[in-house]
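So my numbering is basically just the index in the sequence shown, starting at one, shifted up by 233.
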Amino acid sequence: MSVILEKIFGRRLWPLFVKELRQIKRNRRLVVSLIIPPTVQLILFGFALNPEVKNLRLGVVDESRTGESRELVSAFVESRSFEVKAYYASPDELGRALSAGNLDAGLVVPEDFARQRERHQTAQVQLIVDAVNANTATIAGGYAARIIAALNQKIARAAPPPAQVQQTSPVITETATASPDANSVALNVGGPQISRASITPRIALLYNPGLQNAWFIVTGTLGTLLVLNGSLVSAASMVKEKEAGTVEQLLMTPAEASEIITAKIAPLFLLLAADVGLALGVGYVVFGIPVRGSLLLLYFAGSLCVLAGIGIGTFLATFAKSQQQAQLMGFFVNPPVALLSGVTTPIEAMPHWLQPFTYLNPVRHFALISRGIMLKGAGLNVLYPNILALLSFATVLVGVSAWRFRKQLG
Numbered sequence: 234m235s236v237i238l239e240k241i242f243g244r245r246l247w248p249l250f251v252k253e254l255r256q257i258k259r260n261r262r263l264v265v266s267l268i269i270p271p272t273v274q275l276i277l278f279g280f281a282l283n284p285e286v287k288n289l290r291l292g293v294v295d296e297s298r299t300g301e302s303r304e305l306v307s308a309f310v311e312s313r314s315f316e317v318k319a320y321y322a323s324p325d326e327l328g329r330a331l332s333a334g335n336l337d338a339g340l341v342v343p344e345d346f347a348r349q350r351e352r353h354q355t356a357q358v359q360l361i362v363d364a365v366n367a368n369t370a371t372i373a374g375g376y377a378a379r380i381i382a383a384l385n386q387k388i389a390r391a392a393p394p395p396a397q398v399q400q401t402s403p404v405i406t407e408t409a410t411a412s413p414d415a416n417s418v419a420l421n422v423g424g425p426q427i428s429r430a431s432i433t434p435r436i437a438l439l440y441n442p443g444l445q446n447a448w449f450i451v452t453g454t455l456g457t458l459l460v461l462n463g464s465l466v467s468a469a470s471m472v473k474e475k476e477a478g479t480v481e482q483l484l485m486t487p488a489e490a491s492e493i494i495t496a497k498i499a500p501l502f503l504l505l506a507a508d509v510g511l512a513l514g515v516g517y518v519v520f521g522i523p524v525r526g527s528l529l530l531l532y533f534a535g536s537l538c539v540l541a542g543i544g545i546g547t548f549l550a551t552f553a554k555s556q557q558q559a560q561l562m563g564f565f566v567n568p569p570v571a572l573l574s575g576v577t578t579p580i581e582a583m584p585h586w587l588q589p590f591t592y593l594n595p596v597r598h599f600a601l602i603s604r605g606i607m608l609k610g611a612g613l614n615v616l617y618p619n620i621l622a623l624l625s626f627a628t629v630l631v632g633v634s635a636w637r638f639r640k641q642l643g
C-alpha cells in the first residue's frame, strides 16, 4: 500500500495531476460544459420526451345526428385524448381537411348508427387516422379501441338485452394521405359481443403509481448524458494537447507514458463523476424522482459509465489530429450509442437481428441499473449482471484507449 501511495504522490504523477487540474481550471469553457449542458439537457428530455398523446385534433362527420351519435362523440372528448376541432357535412370534406394537415383523425358516424343500436346490432363507425406519423397513428388507434370498449361496457351495464347487446364497432383506417378515397387498410377492433361486464379488472401500479413519464425518461437519459458528455470532453481535452504541442513537452519529462495517461484521465474522471450527483439532484428537485435503493451503488455504476465515456473519447482522440475531427468522428459513435440503448424506445420494438447488439452498449446496462435502484429499490443481488457488464466495458474501453495513446507517445 505504501508503494502505491508513494507512486501516486511521488515526484512525477502528483505534479502531472496538479498540472492537469490547473489547466482545466483555466479552461472555463470546459468547466461550463460540465455543468450547464447536462442540466439543461436532462430538464428538456424530461419534459419534451413524452410518449403520451393528448388533444389529437378530431374532425367529425355525424350523418346520424341522434342522441346515440352525440354520446359516441362525447366519449371521445371526455377521454381527453381527442379534441373535436370541427364538424363536416361529408367524408369528402373530412378527407380534404386531413390531407391539408388541419386534423389528426376523423370520425365518421353512419346514418343508420342509432337504428342499428335500437335493433341490438353491432353499429360500425369509421376512424380515419393520418398515419404520416406512424407512432401517433398507432397510439390514436389504441385510444379509439379503448374508448369504444368502455362505451360498450357502459351500454351493457345500462340495459343488457336478453340475447345480445348493441355495440359500437370502430373501423379504423390509417392512411398516409388521410383521404377516405385512397387505398387503405381497415382494421376492425370491435371484438366479440358481450352480454354484460362480468369481469372487473383491478390494476395495481408498482414503482411509479403516478404514471410520471419523466421518471422513466430521466432515469434512462442519465446514462446517455454521462457517456456522451464524457466522450466529448475527454476527446477535446486529449486532442487539445496535440494541437498545443504540449504532448512533446511531456515526453521530455522523466514521467512514464502510463503516468502521463493516468494524470490526464483522473481529473476528467473526478469532474465528470460530479455530474452524477448533479443529475440526481436535478431529477429530484425538478421531477421528484426518488432513490429507493443504494445511493452508493448508483454512484458506483455512474462512475463506471463515466469511465466508459472517457474510454470512448480517448480512443477517438488517438485517431484525430484536431478537435473538429474528433467531433466529426463522435457523430459515428454517439448517435448509435444513444439509439441502441433502449432509453427512449423499448428494445423489444427493434428488429430481432438488431437487439443482440444492444448488449454491447454500456448505456443499456446503466439504464437498467438506474431504473432498478431509483424506482424499484433493487440491490446488487439483482443488478450484479449489469454491474459486471458495465465494469467490463469501462475496463476494456479505458485499457484499449490508454494502450493506443501510450503507443502514440512511444
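All C-beta atoms, glycine included, are put in the ideal place defined by N, C-alpha and C.
Mapping DSSP to helix, strand and coil, what is residue i?
i, result
"Thr578", "coil"
"Ala553", "coil"
"Ile361", "strand"
"Trp586", "coil"
"Val566", "coil"
"Ala409", "In this predicted model, Ala409 has a pLDDT of only 47, less than 50, meaning its place in the structure is not dependable; the value taken from the coordinates is given anyway. Three-state DSSP puts Ala409 in coil, outside helix and strand."
"Gly279", "helix"
"Pro248", "helix"
"Gln560", "helix"
"Asp325", "helix"
"Glu201", "Shown here, the chain extends from 234 to 643; a query on residue 201 therefore has no answer."
"Gln445", "coil"
"Tyr376", "helix"
"Asn368", "helix"
"Ala389", "helix"
"Leu573", "coil"
"Gly334", "coil"
"Arg262", "helix"
"Tyr440", "coil"
"Glu311", "helix"
"Leu267", "coil"
Among the residues of its own chain, which have a CB less than 6 Å from the CB of residue i, if the five just before and after it don't count?
i, result
"Leu455", "Ala512, Ser603"
"Ala468", "Gly546, Leu549, Ala550, Ala559"
"Thr272", "Val515"
"Ala330", "Gly292, Leu336"
"Val509", "Tyr532, Gly535"
"Thr628", "none"
"Gly347", "What sits at residue 347 in the sequence shown is Ala, not Gly. Once the five neighbours on either side are set aside, the close Cβ partners of Ala347 are Ser297, Thr299, Glu301."
"Thr577", "Leu282"
How many angstroms separate the CA atom of residue i from the CA atom of residue j?
i, j, result
"Phe590", "Leu503", "30 Å"
"Ala496", "Glu253", "7 Å"
"Glu316", "Phe278", "26 Å"
"Val362", "Gly443", "29 Å"
"Thr452", "Val286", "21 Å"
"Val615", "Ile606", "10 Å"
"Phe626", "Glu474", "26 Å"
"Ser470", "Arg259", "13 Å"
"Lys554", "Val466", "15 Å"
"Leu459", "His353", "60 Å"
"Tyr321", "Gly575", "42 Å"
"Ala338", "Gln349", "24 Å"
"Val294", "Arg379", "21 Å"
"Gly563", "Gln556", "10 Å"
"Ser332", "Leu360", "15 Å"
"Val358", "Gln386", "17 Å"
"Thr457", "Glu476", "28 Å"
"Gly544", "Pro595", "12 Å"
"Arg262", "Leu275", "19 Å"
"Leu630", "Leu439", "36 Å"
Bridge partners of residue i, per DSSP?
i, result
"Arg290", "Glu316"
"Gly300", "Per DSSP, none; premise fails for Gly300."
"Leu340", "Val293, Leu360"
"Thr272", "None; Thr272 has no bridge partner."
Go through its chain and collect everything with a Cβ distance to residue i's Cβ below 7 Å, but skip five positions before and after it.
i, result
"Pro500", "Phe250, Glu253, Leu254, Ile257"
"Ile494", "Ala635, Phe638, Arg639"
"Glu296", "Val342, Pro343, Glu344"
"Tyr376", "Ser312, Ser314"
"Leu587", "none"
If we cut at 9 Å on Cβ distances, does residue i have a partner in chain C?
i, result
"Ala469", "Given the protein chain composition of this structure (a single chain), no chain C is represented."
Less than 8 Å between C-beta atoms, sequence neighbours within five positions excluded: which residues of the same chain meet that for residue i?
i, result
"Leu624", "Leu537"
"Lys318", "Arg290, Leu291, Gly292, Asn335, Leu336"
"Arg525", "Ile606, Met607, Leu608, Lys609, Gly610"
"Asn462", "Ser266, Leu267, Pro270, Pro271, Leu505, Asp508, Gly542"
"Ala370", "Val362, Asp363, Ala364, Glu407"
"Leu647", "Here the chain comprises residues numbered 234 to 643, so residue 647 is not present and cannot be evaluated."
Fully enclosed by the segment 599-643, which alpha helix (DSSP H) runs are 4 residues long or longer?
613-642
Complete runs of the alpha helix (DSSP H) confined to the segment 451-535 [at least 4 residues]
479-484, 490-520
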